[in-house]
């Protein structure tokens, strides 16, 4: 068939299947077959070029038909390319060690076992001390308080047999400096503190440079508690016993083998305990455990209810960064260690009301101020302790742990009252200024309205006076009529 000087071969088979083959290619809107392909070709200029402006209608129709087929065949390729790009992007995100599904909120505790050792059992004790805001009279003390942190968290790890452990690692979901970490072991020389923490009658025997030996009333050893050595400056724990380095938007604190070997006994299993205190930021912006619900109208009130919540999570995979999970999997082989107990304790002011908790607490008590004032610096009177715990069962090990506590505190005091009075004073000044500016602008209108209201009031007064006069005259006439009727009778 010949159309406008172009020759076309009729094919009985489907030409589109041949166009999709790898031997065919597209060039400038024209279908050009490779030498191996038996499909047809359309020589000549592409549709829409200047060479086709004077072509016959049949030629334009043929070129339009070919261009339409080209777009139809290219559409699936574009869609496939877009889907492939999205797939590669998601794959790159999943392979990124720093990528996480949700916010970084969970702490993690794991151990590196000695080569070839398994069956490690350990307990995790987490205490959070929620300190109330205390007024500071000096700026220097206020700055030091903000630098050190108002609240502090304590993480204790009890290892049943320290001889099986090479290292202990703790991941904290915030940046922690070495100077913000303290050793709690020096406070355990006070037997009242030891009994309050372990809820047993214990005594502490110090044998430096060795660890603290905590003994029961019958003389048997309860555990050995390591005393961390200080660095040369004497300001922080030595890096030879505790290494601290940032990792995946948080910090990993690793108890080194030298600290673990110091708690080993000469024979038999050695139960060892390590307890660290970490100062939290004074502002809750960098605190991963406490969140405040903002009260936007607090300046309009002389007292308001502040709502805050504590969110503690341990080894929760959903809120752990992927890099931390990979680190845990590489350091601790499956089945090498297990958590036998998790205890979570929080100390809050007695003025804070516990409104919501995800699980029922184990017990609560009022904190003894004379005993704990030296243990927790800055501790005020009237602190309440809530205690949660979970123990492992034979067929139900502890994989993770979470505790949610919602507190409601009444905020009213000198600072709140001063803010309220200051806002009221400024609001009054603003109102007076606005009135002073509006009065000249609206003076004539206000005067006219006032004149009209005065006139209406005057008319209403005159009408009321007339009605009263009429009522009095009617009343007098009625009295005269009644007197005449009585005389006639």
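In this note's numbering, the protein residues as written are -16 to 472.
Positions of the beta carbon are idealized from the N, C-alpha and C atoms, including for glycine.
This one's a predicted model, so the numbers in the text were calculated from it and none came from an experiment.
Discussion item. What does the Cβ neighbour count give for residue 468, buried or exposed, with the cut at 16 atoms within 10 Å?
Written reply: exposed
Fill in: N- and C-terminal bounds of the alpha helix (DSSP H) containing residue 229
Run containing residue 229: none in the alpha helix (DSSP H); it sits in the beta strand (DSSP E), 225 to 230.
Worksheet item: According to the neighbour-count rule (16 or more other Cβ atoms, all chains shown, within 10 Å of its Cβ), is residue 351 buried or exposed?
Response: exposed
Worksheet item: In chain order, what residues of the same chain lie with their CB nearer than 6 Å to the CB of residue 338, ignoring the 5 residues before and after it?
Response: 389 and 391
Fill in: Identified DSSP bridge partners for residue 347
369
Worksheet entry | Beta-carbon spacing of residue 105, residue 138 below 9 Å | no
Worksheet entry | Inter-stretch contact at 8 Å, needing at least 3 Cβ pairs: the segment 360 to 378 / the segment 394 to 411 | no
Fill in: Endpoints, alpha helix (DSSP H) assigned at residue 399
397 to 424
Worksheet item: Who are the Cβ neighbours of residue 205 in its own chain at under 8 Å, not counting the five residues just before and after it?
Response: 181, 183, 185, 197, 198, 199 and 254
Practice prompt. Taking 9 Å as the cut-off, decide whether the C-beta atoms of residue 235 and residue 325 are in contact.
Written response: no
Worksheet item: Do you know whose CA, among 133, 340, 321 and 334, lies nearest residue 328's CA?
Response: 340
Worksheet item: Just how far apart, CA to CA, sit residue 114 and residue 433?
Response: 60 Å
Fill in: For residue 23, the three-state DSSP class (helix, strand or coil)
Model confidence at residue 23 stands at a pLDDT of 39, short of 50, so the residue's coordinates are unreliable and nothing is read from them.
Discussion item. I need the straight-line Cα distance from residue 398 to residue 288, nearest angstrom please.
Written reply: 15 Å
Worksheet item: CB-CB under 6 Å to residue 466, same chain, minus the five flanking residues each way: which ones, in chain order?
Response: none
Fill in: Cβ neighbour criterion (16 or more within 10 Å) applied to residue 225
buried
Worksheet item: Can you tell me the Cα-Cα spacing of residue 143 and residue 158, whole angstroms?
Response: 30 Å
Item to complete: Under 8 Å by Cβ, that's how I've got residue 383 and residue 88 pegged, so tell me the actual separation to the nearest angstrom.
Response: Rounded, the Cβ-Cβ distance is 12 Å, inconsistent with contact.
Worksheet entry | Member of 243, 262, 345 and 177 whose CA lies at the smallest distance from the CA of residue 476 | Here the chain comprises residues numbered -16 to 472, so residue 476 is not present and cannot be evaluated.
Discussion item. Contact defined as beta carbons within less than 8 Å: I believe residue 315 pairs with residue 95. What is the distance between those atoms, to the nearest angstrom?
Written reply: 7 Å
Worksheet item: How would you label residue 463, buried or exposed, when you count the other beta carbons within 10 angstroms and need 16 or more for buried?
Response: exposed
Worksheet item: Just curious, the alpha helix (DSSP H) that residue 309 is in, first and last residue?
Response: 305 to 314
Discussion item. Quick check on residue 167: does DSSP put it in helix, strand or coil?
Written reply: coil
Practice prompt. Would you please state the rounded distance, in angstroms, between the beta carbons of residue 354 and residue 227? I believe it to be under 8 Å.
Written response: The Cβ separation is near 30 Å, so there is no contact.
Item to complete: Just mark residue 134 as buried or exposed, buried being the case when its beta carbon has 16 or more other beta carbons within 10 Å.
Response: buried
Discussion item. Taking a contact to mean a Cβ-Cβ separation below 9 Å, would you say residue 318 touches residue 395 in this structure?
Written reply: no
Worksheet item: Do residue 230 and residue 136 have their C-beta atoms within less than 9 Å of each other?
Response: no
Worksheet item: Using the rule of at least 16 other Cβ atoms within 10 Å of the residue's Cβ for burial, across every protein chain shown, is residue 280 buried or exposed?
Response: exposed
Worksheet entry | Candidates 247, 472, 298 and 428, of which the one nearest residue 193 by Cα | 247
Worksheet item: beta strand (DSSP E) containing residue 108: first to last residue?
Response: 103 to 112
Worksheet entry | Distance between beta carbons of residue 164 and residue 90, contact taken as under 8 Å | That belief does not hold up - the Cβ atoms of residue 90 and residue 164 are roughly 14 Å apart, past 8 Å.
Worksheet item: Is the distance from the Cβ of residue 276 to the Cβ of residue 299 below 9 Å?
Response: no
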